[in-house]
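Novice:
Protein chains: 2
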Amino acid sequence: MTADEAPRTRPVTLEDVAQVAGVSRATVSRVINGAQTVDPALRTSVEQAVAATGYVPNRAARSLVTRRADSIALVVSEREQRAVSGPFVGRMFTDPHFGRIVGGLLDVLRPAGIQLLLMLADDDASRSQLVSFLRQGHVDGVVLLSSHADDPLPELLTRTGLPTVLAGRPTRSAAPIAYVDVDQQAGARLAAEHLVGLGRRRIATLSGPLDMPAGQDRLTGFRTAMAALGEPDVVAVEGDFTQAGGAEAMKRLLAEHPAIDGVFIASDLMALGALPVLYREGRRVPEDVAVVGFDDSSAALACDPQLTTVRQPVEEMAAEMAGLLLRRLGEAGRSTPSAVFHPTLVLRQSA
Amino acid sequence: MTADEAPRTRPVTLEDVAQVAGVSRATVSRVINGAQTVDPALRTSVEQAVAATGYVPNRAARSLVTRRADSIALVVSEREQRAVSGPFVGRMFTDPHFGRIVGGLLDVLRPAGIQLLLMLADDDASRSQLVSFLRQGHVDGVVLLSSHADDPLPELLTRTGLPTVLAGRPTRSAAPIAYVDVDQQAGARLAAEHLVGLGRRRIATLSGPLDMPAGQDRLTGFRTAMAALGEPDVVAVEGDFTQAGGAEAMKRLLAEHPAIDGVFIASDLMALGALPVLYREGRRVPEDVAVVGFDDSSAALACDPQLTTVRQPVEEMAAEMAGLLLRRLGEAGRSTPSAVFHPTLVLRQSA
DNA sequence: GCTGACCGAGAGAGCGCTCTCTCCACAGTC
DNA sequence: GACTGTGGAGAGAGCGCTCTCTCGGTCAGC
């Protein structure tokens with residue numbers, strides 16, 4: 001491999017390449033950056049010199065003059081909840097969703113030569129540190145993963161003027177901010193239609209937290225769809241998108257409405273918690289109670305029986321977030337188009 | 352917030368601060384970098400000027416001259432296995448482990464003002480691109496998460512001379528490379544002692560892949576401990592650390608040894624797959640078969656009943672990786688001490 | 001054959017910072 | 001009083017790159 005020739009003592013610079021190729025630094029720079037106004041013969045000899053020297057551009061020097069960082073920040077915004085002992089680990093990082101998003105982002109960013117910076121914000125101090133870091137142009141754009149409804153970060157980021165895209169519809173749509181989301185209501189409708197199509201008549205739902213857009217939308221969508229199917233009065237119990245919350249919500253549901261024969265649970269993780277509660281109460285799934293989840297996360301496969309669930313194409317959505325950002329970098333000051341993806345129903349054993 | 356005064360049109364530079372404070376650029380630089388040879392009065396006025404202007408140093412300019420990047424790379428090395436359709440998402444990213452590691456790393460890196468770059472390597476092309484990127488000094492150190500045994504990356508990274516630390520003992524310990532790991536054998540011993548202490552006598556194990564250090568060590572440790580407890584002939588069936596692999600391994604185990612009353616499953620994820628197989632074969636857990644897992648991952652809680660499992664302190668281990676790297680940055684050319692953490696047994700319902 | 005347009009390549013400034021070197025002021029020594 | 005020593009501040013170079021400006025050369029048009 002020719003790159004081995006690059007001595008670690010003094011890295012190869014543009015100047016070195018220029019000398020080897022017998023041209024000026026500027027010409028090498030043109031070749032590296034793909035300028036069209038270069039004589040093909042010179043281009044070839046420059047390319048050979050680059051290969052021979054194992055040259056790789058120095059990012060720092062480049063960003064110093066271009067004022068671009070060639071990197072975007074993945075900001076994970078957590079509610080402040082530092083553990084009493086041991087290092088802090090947010091909910092987001094342990095959520096399988098997170099990894100899928102990272103994968104989808106890198107899939108677009110890597111070919112574009114853009115680095116992904118991982119940043120965490122979980123209290124006022126870290127937030128203001130984050131914002132001042134971002135203001136100084138250390139990154140070209142921001143992908144924000146926010147886990148809670150009353151997050152000031154979308155607002156703060158908008159004010160920095162940095163291209164920003166949110167994962168999921170923001171709570172307060174005050175500031176015009178781009179987001180990528182799945183059509184939550186359509187997903188809930190898929191669940192409703194499937195349960196009704198199965199002949200279930202006493203259908204309830206375990207919703208997500210109603211202060212989160214995803215929680216609201218899935219409930220609204222489900223109720224609307226059920227009403228359209230002739231079932232205007234759907235019982236809903238609020239959960240919190242966690243496994244424990246799912247178990248607790250299912251207990252409440254069964255206590256108040258023991259006769260249900262179908263339930264739409266607004267996240268797979270909640271379903272994972274809710275299923276054992278059903279068994280303990282002597283219900284079989286899907287024979288006695290049909291269950292439809294939401295997300296098609298790994299939790300859906302961990303359930304027994306495996307969960308019929310509404311799939312959101314997380315990886316594609318993440319790729320779209322990256323793409324959206326990249327396009328905005330190209331044309332500064334563009335408007336902020338959002339993207340909404342279509343969910344699909346994945347049929348497994350639970351309904 | 353004073354930082355609001357920083358105009359996005361032209362960021363505040365050292366020069367600006369110097370002018371406001373009535374000193375030279377060099378003096379401001381000294382204050383920023385905490386040099387001791389500054390008159391207290393000047394220091395104060397510089398600090399005020401920094402606050403007033405909302406100055407934040409330009410990283411690119413700084414790295415250009417210091418030749419430090421103030422960032423470390425988190426390299427995720429995956430076996431090449433691009434999906435036939437849709438974006439690629441590696442196993443590592445969807446593993447809850449990954450998020451815990453990120454959390455632990457950030458916990459140390461953030462206070463030190465060091466950024467975390469996320470990089471992915473999954474084939475020869477991306478590997479050589481990665482290595483040449485790293486060679487050029489774009490990062491100060493590397494944390495490597497490798498998911499497979501025959502990974503050439505540890506070797507490649509060592510040759511770059513960059514401070515590197517591995518998550519988990521490397522397969523080939525040819526090159527002296529630092530790593531952070533849990534004492535796998537001690538963990539397996541905890542499982543063995545617990546199962547035997549429960550009075551179980553027909554104990555088997557579902558091991559991890561035997562071409563991976565973690566797989567080997569857990570099996571060796573379990574067998575050694577069982578032998579010491581008077582049970583030299585432990586049946587072992589090899590799994591692959593996945594949920595599906597766990598189910599498959601358990602089927603084979605039951606087919607060949609239906610009389611078992613205790614089993615050590617070398618990862619929680621495999622246990623998650625194995626438990627339903629036990630139920631389908633009419634065994635109760637823990638009454639008929641006691642089950643001990645390994646990892647104390649979220650999968651342990653997802654199991655029904657919840658899993659008694661060997662806990663490895665992932666977050667602390669990640670923090671140690673970051674700390675180890677930071678220390679090596681300070682004193683270049685240091686030796687490479689590794690760190691091995693002690694596992695503990697977490698008692699839940701499955702054993 | 002001369003002028004002007006045009007195209008490709010080089011010269012050189014300068015991005016914001018660090019760091020060495022120089023210089024100044026003051027104190028101490030003979 | 002001249003000299004040396006010392007601590008603290010400023011001047012200035014230069015990190016590696018991009019990009020504008022300039023300039024030389026070629027060619028079409030009159």
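Taken in order, these protein sequences are the chains called A and B. Going by the working numbering, the residue at position 167 of the first sequence is 167; the numbering climbs one at a time, nothing skipped. Going by the working numbering, the residue at position 19 of the second sequence is 370; the numbering climbs one at a time, nothing skipped. Yeah, the Cβ is synthetic: ideal placement off N, Cα and C, and Gly gets one too. Predicted, not measured: the structure shown is a model, and the values here were computed from it.
#1: Any beta carbon of chain B sitting closer than 9 Å to that of A/His-148?
#2: I'd like to know if B/Ser-483 contacts chain A, where contact means its C-beta is closer than 9 Å to some C-beta of that chain.
#3: DSSP three-state label for B/Gly-590, please.
#4: Under a CB-based cut-off of 9 Å, is B/Ser-422 close to chain A?
#5: Any chance the segment 181-189 of chain A sits against the segment 212-229 of chain A, with 3 or more Cβ pairs inside 8 Å?
#6: Pick out the complete alpha helix (DSSP H) segments inside the segment 171-203 of chain A, 4 residues or longer, and give them in chain order.
#7: Just by C-beta distance, which residues in the segment 462-475 of chain B are closer than 9 Å to chain A?
#8: Which residues, in chain order, does the segment 653-683 of chain B contribute to contact with chain A at a C-beta distance below 7 Å?
#9: B/Gly-550 and B/Leu-680: beta carbons closer than 9 Å?
#10: Find the residues of chain B that neighbour A/Ala-60, judging by a C-beta separation of less than 7 Å, and give them in chain order.
#11: DSSP three-state call for B/Glu-356: helix, strand or coil?
#12: Taking 9 Å as the threshold (C-beta atoms), are A/Glu-248 and A/Ala-225 in contact?
#13: Less than 8 Å between the CB atoms is what I'm expecting for A/Ile-101 and A/Val-314, so what's the real figure, rounded?
#14: Given a threshold of 16 other Cβ atoms within 10 Å of its Cβ, counted over all protein chains shown, does B/Asn-409 qualify as buried or as exposed?
#15: Per DSSP, B/Arg-662 forms a beta bridge with which residues?
#16: Cβ of A/Leu-145 within 9 Å of Cβ of A/Pro-154?
#17: State the DSSP-derived secondary structure class of B/Ala-434, mapped to helix, strand or coil.
#18: According to the Cβ coordinates, are A/Gly-137 and A/Ala-188 closer than 9 Å?
#19: Name the DSSP beta bridge partners of B/Ile-616, please?
#20: Just the C-alpha distance for A/Val-89 and B/Gly-454, rounded to the nearest angstrom, thanks.
#21: Suppose you measure from the CA of A/Val-235 to the CA of B/Leu-677; what does that come to, to the nearest Å?
#22: Leaving aside the five residues before and after B/Pro-627 along the sequence, list all residues of the same chain whose C-beta is less than 8 Å from its C-beta, in chain order.
#23: Using the beta-carbon of each residue, which ones in chain B are nearer than 8 Å to A/Val-285?
#24: Go ahead and pull the three-state DSSP assignment for B/Val-440.
#25: Only counting runs of 3 or more residues, tell me where the beta strand (DSSP E) segments fall wholly within the segment 93-129 of chain A, in order along the chain.
#26: Could you check if B/Val-588 belongs to the surroundings of the ligand PLP, using beta carbon to heavy atom distance under 8 Å?
#27: Return the residues of the segment 138-170 of chain A that lie within a Cβ-Cβ distance of less than 7 Å from chain B, sorted by chain order.
#28: Report buried or exposed for B/Pro-688, applying the criterion of at least 16 other Cβ atoms within 10 angstroms of its Cβ.
#29: Give, in chain order, every residue of the segment 606-628 of chain B whose Cβ lies closer than 7 Å to some Cβ of chain A.
#30: Spell out the partners DSSP gives A/Ser-77 in its beta bridges.
#31: I need the DSSP call for A/Thr-37, collapsed to helix, strand or coil.
#32: Which word fits B/Ser-422, buried or exposed, when buried means at least 16 other C-beta atoms lie within 10 angstroms of its C-beta?
#33: Please report whether the beta-carbon of B/Gln-594 lies at a distance below 9 Å from any beta-carbon of chain A.
#34: With contact counted as at least three CB pairs below 8 Å, one residue from each stretch, are the segment 376-394 of chain B and the segment 110-120 of chain A in contact?
#35: Would you give the residue range spanned by the beta strand (DSSP E) that B/Leu-517 belongs to?
#36: Using DSSP bridges, identify the partner residues of B/Gly-492.
Specialist: Reading off the structure:
#1: no
#2: yes
#3: DSSP, read as helix, strand or coil, puts B/Gly-590 in coil.
#4: When Cβ-Cβ separations below 9 Å define contact, B/Ser-422 makes contact with chain A.
#5: With a cut-off of 8 Å, the segment 212-229 of chain A and the segment 181-189 of chain A count as touching, because enough Cβ pairs lie within range.
#6: With a minimum length of 4 residues, the continuous alpha helix (DSSP H) runs that stay inside the segment 171-203 of chain A are 184-197.
#7: Gln-466, Leu-467, Leu-468, Leu-469, Met-470 and Leu-471
#8: Ala-653, Asp-655, Glu-666, Glu-667 and Ala-670
#9: no
#10: Ala-411, Ser-414 and Leu-415
#11: Low local confidence applies: a pLDDT of 36 at B/Glu-356 is under 50, so the model's placement there is unreliable, with the coordinate-based value given in what follows. B/Glu-356 falls in the helix class under three-state DSSP.
#12: Taking 9 Å as the Cβ cut-off, A/Ala-225 and A/Glu-248 do not qualify as a contacting pair.
#13: 6 Å
#14: buried
#15: B/Asp-646 and B/Thr-695
#16: No, Cβ-Cβ distance for A/Leu-145 and A/Pro-154 is not below 9 Å.
#17: With a pLDDT of 43 at B/Ala-434, under the threshold of 50, the modelled position of this residue cannot be trusted, and the question is left open.
#18: no
#19: B/Leu-557
#20: The predicted model places A/Val-89 with a pLDDT of 47, which falls under 50 and marks its position as unreliable; any figure quoted below should be read in that light. About 5 Å.
#21: Rounded to whole angstroms, A/Val-235 and B/Leu-677 show a C-alpha spacing of 55 Å.
#22: Ala-598
#23: Within 8 Å Cβ-Cβ: nothing; A/Val-285 doesn't reach chain B, min ~13 Å.
#24: In this prediction, B/Val-440 has a pLDDT of 47, which is less than 50 and means its spatial position is unreliable; nothing more can be read from the coordinates.
#25: 115-121
#26: Among the components modelled here there is no ligand, and therefore nothing to report on the ligand PLP.
#27: Here the close residues are His-138 and Gly-161.
#28: exposed
#29: Under the 7 Å Cβ criterion, the segment 606-628 of chain B contributes Leu-623 and Pro-627.
#30: A/Ala-121 and A/Ser-146
#31: coil
#32: Around the beta carbon of B/Ser-422, 16 or more other beta carbons sit within 10 angstroms, so the residue counts as buried.
#33: yes
#34: With the cut-off at 8 Å, the segment 376-394 of chain B and the segment 110-120 of chain A do not touch.
#35: For B/Leu-517, the enclosing beta strand (DSSP E) stretches over residues 515-518.
#36: B/Ile-423
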